[in-house]
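Please read the structure below before turning to the comments.
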Amino acid sequence: MKTRPRLSFWQIWNMSFGFLGIQFGFALQNANVSRIFETLGAQVEAIPILWIAAPVTGLIVQPIVGYMSDNTWTRLGRRRPFFLFGAIGASVALVLLPTAPLLWIAVGIFWILGASIDMCMEPFRAFVGDMLPPEQRNRGFAMQSFFIGTGSVVASILPWFLTNVLSVANISPDGKVPPSVTISFLIGGIVFLAAIIITVTRTREYTPEQLREFEELEKGAERVKEDHKSSEILPYHRFSNPSIYWILLGIVLTFLVHRYEFIRSDLYILTFGFIIFGIIQFIGGHLIKRNKTDNGFVIVLNDLYRMPKTMGQLAVVQFFSWVGLFTLWTFATPGITSHHYDMKMSGEKITALISSVEMIDFAAADEEFSDRALSIGKDLDFYKEQLAGGKDQVVVSMRVVRFFQRFKSELSVSAEVEQKLLSVEQEYNRGANWVGFSFAIYNGVAAIFAFLIPFLAKWTNRRYTHAMALTMGALGYISVLLVPNPTWLIASMVGVGIAWASILAMPYAILTGSLPSHKMGTYMGLFNIFIVMPQIFAASVLGSFISIVAKGQPIFGLVFGGVSLFIAAIMMIFVVHDPDEELIKKRYQELDAGI
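Our numbering numbers the first residue of the sequence shown as 15 and each following residue consecutively.
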């Protein structure tokens with residue numbers, strides 16, 4: 015019997031290479047999905063709720079995939095089959111997403127893309143815990159961060175590169191997604207699948223028996239016994255009693271959202287979520303009471319309640335970290351384009367747009383035209399309020415621009431106004447490409463900083479390294495509001511990149527030391543609940559925040575995210591339990607002594 019062997023640089027490289035493809039697809043999604051949704055007619059404040067597809071699928075898929083990968087053994091191993099099947103689904107979805115003819119079809123494909131990425135990504139986290147000894151896990155997750163950064167750099171910059179270097183069109187005359195984006199997603203689908211195939215074919219997994227032997231030597235037989243003892247099913251009342259309170263809370267909050275019109279209906283997602291969680295607990299308690307505990311549903315629910323102390327502490331940090339990240343992905347494009355680019359129209363031209371809509375004879379108009387005209391009414395009412403408040407220029411949404419371009423033959427708009435609408439579209443697409451370039455910057459910084467993380471963690475510790483990185487990210491977010499022009503966003507993205515690299519590495523490096531190997535996948539899947547839940551929370555509240563607090567200015571969504579990252583940095587200081595810390599110090603001392 016021997017301890018888990020240290021792997022060479024190239025072995026760690028091969029086992030992590032699939033993340034290059036995963037993040038290629040993920041980065042294309044993050045930088046361009048808001049743009050695709052806006053192009054297909056989505057309102058800016060509705061974008062967070064459309065993004066809900068990714069976290070909701072993650073909430074469902076990741077615990078299931080984690081549990082299944084712990085209890086699966088095939089010729090490909092237990093993690094690699096999920097890499098492969100997820101990659102196939104994600105590649106197909108990437109190709110189809112920018113070609114969707116309607117918004118609801120794009121959202122449906124986005125759900126498939128999110129589920130497929132989750133199927134790949136969740137087992138990759140457990141993969142590092144399976145394959146690497148404790149003292150190499152920082153390096154393993156840092157290598158993943160490197161590939162995440164590298165893939166994201168290329169993917170984020172791709173539409174900009176196609177437009178500015180290869181002269182691929184950046185606007186579409188028929189109001190569809192530009193060719194520069196469509197081609198980028200096609201390339202993304204190919205890269206995603208190819209990278210995963212490299213990891214699947216060049217990596218061998220340890221058997222469950224080998225992992226058990228490694229764990230007993232690394233942690234000690236007594237701790238392994240305690241880990242298995244912690245899997246014992248809790249009494250049924252631990253689930254059934256709290257379920258009543260969660261259901262009642264959800265019902266009361268649902269009534270309040272329905273009762274008061276000023277509360278946005280987006281919050282129904284949150285209130286229904288409370289009810290569903292209560293029902294899940296009630297079902298779990300009922301099954302335990304009837305001694306029907308030999309099923310994945312009860313086991314995963316029980317593991318959630320029995321999560322290690324370290325996991326509970328990190329969950330709070332993850333919550334605020336991923337609220338911040340969600341604001342970046344949803345509001346970077348509308349926020350930066352509206353704040354730093356000339357998407358404004360004069361009061362005179364805005365009045366002309368409003369007048370042309372007011373002149374529509376809805377009784378004689380066809381159904382599509384009438385529906386689209388009514389759908390932009392909220393935008394036009396908001397413009398009226400701004401003009402009445404004393405503003406002489408108003409930022410025009412792409413939703414309005416697309417409407418007047420699509421139905422210009424049915425509307426009475428002057429050539430001067432049409433030209434200004436075209437100018438707004440060009441500014442938006444120029445800004446959207448720069449957002450993609452900025453995303454490439456932060457991912458490039460993440461790829462570089464990933465190599466520094468192990469040294470910083472060794473010099474201080476993992477907790478302080480992560481808290482520092484989150485603080486840098488918070489400063490980067492808030493500075494987006496303050497910089498004088500888009501070029502300065504490069505400096506903002508340096509801070510964001512440092513935070514991103516650490517978020518992808520440090521929490522998982524700390525977590526894996528506290529998890530039993532036979533439940534590594536299950537707990538990684540459960541841990542990702544604290545990634546998707548904050549995104550669901552953010553999607554529920556950010557629409558109200560932008561409409562009511564920020565007065566329709568999406569740039570303040572990034573400020574909201576910056577504050578959330580600051581809170582995460584503070585909470586990281588209170589993560590006082592890192593099980594691997596002493597083990598790693600001892601192992602480094604042995605290596606320094608040549609043992």
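In this text, a Cβ means the ideal position worked out from N, Cα and C, and glycines have one as well. Keep in mind it's a predicted model, so treat the numbers as computed, not measured.
(message) Among 520, 486, 447, 463, whose alpha-carbon lies nearest the alpha-carbon of residue 476?
(response) Against the sequence shown, residue 476 aligns to sequence position 462. If we check each option's Cα against that of residue 476, 520 comes out closest.
(request) For the beta strand (DSSP E) holding residue 407, just list the boundary residues, first then last. (result) Taking the first residue of the sequence shown as position 1, residue 407 is located at position 393. Taken as a continuous stretch (DSSP letters only), the beta strand (DSSP E) holding residue 407 covers 407-409.
(message) Considering Cα atoms alone, identify which of 510, 221, 582 is closest to residue 545.
(response) Here residue 545 is taken as the residue at index 531 of the sequence shown, counted from 1. Cα-wise, what sits closest to residue 545 is 582.
(message) What does the alpha-carbon distance come out to for the pair residue 107 and residue 301?
(response) Locating residue 107 in the sequence shown gives position 93, counting from the first residue. Locating residue 301 in the sequence shown gives position 287, counting from the first residue. If you take the alpha carbons of residue 107 and residue 301, they lie about 37 Å apart.
(request) Quickly, what does DSSP pair residue 91 with across the bridge? List them, please. (result) Here residue 91 corresponds to residue number 77 of the sequence shown, with the count starting at 1. Residue pairing by DSSP places residue 91 opposite 88 in a beta bridge.
(request) With a 10 Å radius around its C-beta and 16 neighbouring C-beta atoms as the bar for buried, classify residue 393 as buried or exposed. (result) On the sequence shown, position 379 is the one that residue 393 refers to. Its Cβ being crowded by 16 or more others within 10 Å, residue 393 is buried.
(request) Ignore the nearest five residues each way along the sequence and tell me which others in residue 351's own chain have a CB closer than 8 Å to its CB. (result) Locating residue 351 in the sequence shown gives position 337, where the first residue counts as 1. Cβ within range, chain order: 357, 441, 442, 445, 446, 449.
(message) Assuming residue 209 and residue 80 are in contact, meaning their beta carbons sit under 8 Å apart, how far apart are those beta carbons, in whole angstroms?
(response) The sequence position of residue 209 within the sequence shown is 195, counting from 1. The sequence position of residue 80 within the sequence shown is 66, counting from 1. That pair is no contact at about 22 Å.
(request) State the Cα-Cα distance for the pair residue 330 and residue 585, rounded to the nearest angstrom. (result) Locating residue 330 in the sequence shown gives position 316, where the first residue counts as 1. Locating residue 585 in the sequence shown gives position 571, where the first residue counts as 1. When rounded, the distance between both Cα atoms is 7 Å.
(message) By the DSSP assignment, the alpha helix (DSSP H) with residue 303 in it spans what residues?
(response) Position 289 of the sequence shown, counting from 1, holds the residue named residue 303. Boundaries of the alpha helix (DSSP H) harbouring residue 303: 282-303, taken from the DSSP string.
(message) Just verifying my parser: in three-state terms, what is the DSSP assignment at residue 524?
(response) Looking up residue 524 in the sequence shown gives position 510. Here DSSP, grouped into helix, strand and coil, assigns residue 524 to helix.
(request) With distances taken Cα to Cα, identify the nearest neighbour of residue 397 among 144, 340, 28, 566. (result) Here residue 397 refers to the residue found at position 383 of the sequence shown. Answer by Cα proximity: 566.
(request) Identify which residue in 115, 24, 129, 48 has its Cα closest to the Cα of residue 72. (result) The residue you call residue 72 lines up with position 58 of the sequence shown. Checking every option, the nearest Cα to that of residue 72 belongs to 129.
(message) Please classify residue 378 as buried or exposed, where buried requires at least 16 other C-beta atoms within 10 Å of its C-beta.
(response) Your numbering for residue 378 matches position 364 in the sequence shown. Exposed is the call here.
(request) Using only alpha-carbon positions, find the residue among 470, 76, 359, 19 that is nearest to residue 405. (result) Translated into the one-based positions of the sequence shown, residue 405 becomes position 391. That would be 359, whose Cα lies nearest to the Cα of residue 405.
(message) So, does the region 142-159 touch the region 426-433, judging by three or more C-beta pairs under 8 Å?
(response) no
(message) Just list the residues that DSSP pairs residue 359 with in beta bridges.
(response) Residue numbering aside, residue 359 sits at position 345 when the sequence shown is read from its first letter. Note: residue 359 sits in a beta bridge opposite 408.
(message) Assuming residue 499 is part of the alpha helix (DSSP H), what are its boundary residues?
(response) Against the sequence shown, residue 499 aligns to sequence position 485. Unbroken run through residue 499: none, as it is neither H nor E.
(message) Quick check: the Cα distance between residue 339 and residue 102, rounded to an integer number of angstroms?
(response) The residue labelled residue 339 in the question sits at position 325 within the sequence shown. The residue labelled residue 102 in the question sits at position 88 within the sequence shown. So the two alpha carbons sit approximately 26 Å from each other.
(request) Go ahead and label residue 501 buried or exposed: buried means 16 or more other beta carbons lie within 10 angstroms of its beta carbon, across all protein chains shown. (result) On the sequence shown, residue 501 is found 487 positions in, with the first residue counted as 1. When all chains shown are included, residue 501 counts as exposed.
(request) Compare the beta carbon distance of residue 41 and residue 169 with 8 Å and say whether it is the shorter of the two. (result) Against the sequence shown, residue 41 aligns to sequence position 27. Against the sequence shown, residue 169 aligns to sequence position 155. For residue 41 and residue 169, yes; Cβs fall inside 8 Å.
(request) Compute the distance between the beta-carbons of residue 202 and residue 38, then report whether it is under 8 Å. (result) Numbered from 1 along the sequence shown, position 188 holds the residue referred to as residue 202. Numbered from 1 along the sequence shown, position 24 holds the residue referred to as residue 38. Yes, the pair counts as a contact, with Cβ atoms nearer than the cut-off.
(request) Compute the distance between the beta-carbons of residue 460 and residue 511, then report whether it is under 8 Å. (result) One-based indexing of the sequence shown puts residue 460 at position 446. One-based indexing of the sequence shown puts residue 511 at position 497. Taking 8 Å as the Cβ cut-off, residue 460 and residue 511 qualify as a contacting pair.
(request) Look at residue 150 and residue 33 and say whether their C-beta atoms are less than 8 Å apart. (result) Locating residue 150 in the sequence shown gives position 136, where the first residue counts as 1. Locating residue 33 in the sequence shown gives position 19, where the first residue counts as 1. Taking 8 Å as the Cβ cut-off, residue 150 and residue 33 do not qualify as a contacting pair.
(request) Please classify residue 585: does DSSP put it in a helix, a strand, or coil? (result) As a working mapping, residue 585 is identified with position 571 in the sequence shown. Residue state, collapsed to three classes: helix.
(message) How far does the alpha helix (DSSP H) with residue 137 in it extend, from its first residue to its last?
(response) As a first step, residue 137 must be located in the sequence shown, where it is residue number 123. 117-145 is the span of the alpha helix (DSSP H), which, as asked, contains residue 137.
(message) If the criterion is Cβ atoms closer than 8 Å, does the pair residue 551 and residue 284 meet it?
(response) Residue numbering aside, residue 551 sits at position 537 when the sequence shown is read from its first letter. Residue numbering aside, residue 284 sits at position 270 when the sequence shown is read from its first letter. Residue 551 places its beta carbon less than 8 Å from that of residue 284.
(request) Can you tell me which of the three DSSP states residue 15 falls into? (result) Walking along the sequence shown from the start, residue 15 turns up at place 1. Because the pLDDT of residue 15 is 47, which lies under 50, any placement of that residue in the model is unreliable, and the number read from its coordinates should be weighed accordingly. Three-state result, residue 15: coil.
(request) Tell me whether residue 514 is buried or exposed, calling it buried when 16 or more other Cβ atoms sit within 10 Å of its Cβ. (result) Residue numbering aside, residue 514 sits at position 500 when the sequence shown is read from its first letter. So residue 514 ends up on the buried side.
(message) Helix, strand or coil for residue 381? Go by DSSP, reduced to three states.
(response) Along the sequence shown, one-based indexing puts residue 381 at 367. In the structure shown, residue 381 sits in a helix (DSSP, three-state: H, G or I).
(request) Rank 55, 20, 522 by C-alpha distance to the C-alpha of residue 391 and give the top, closest one. (result) Your numbering for residue 391 matches position 377 in the sequence shown. Here the closest residue by C-alpha is 55.
(message) Does the structure place the region 488-504 close enough to the region 297-311 that three or more beta carbon pairs sit under 8 Å?
(response) no
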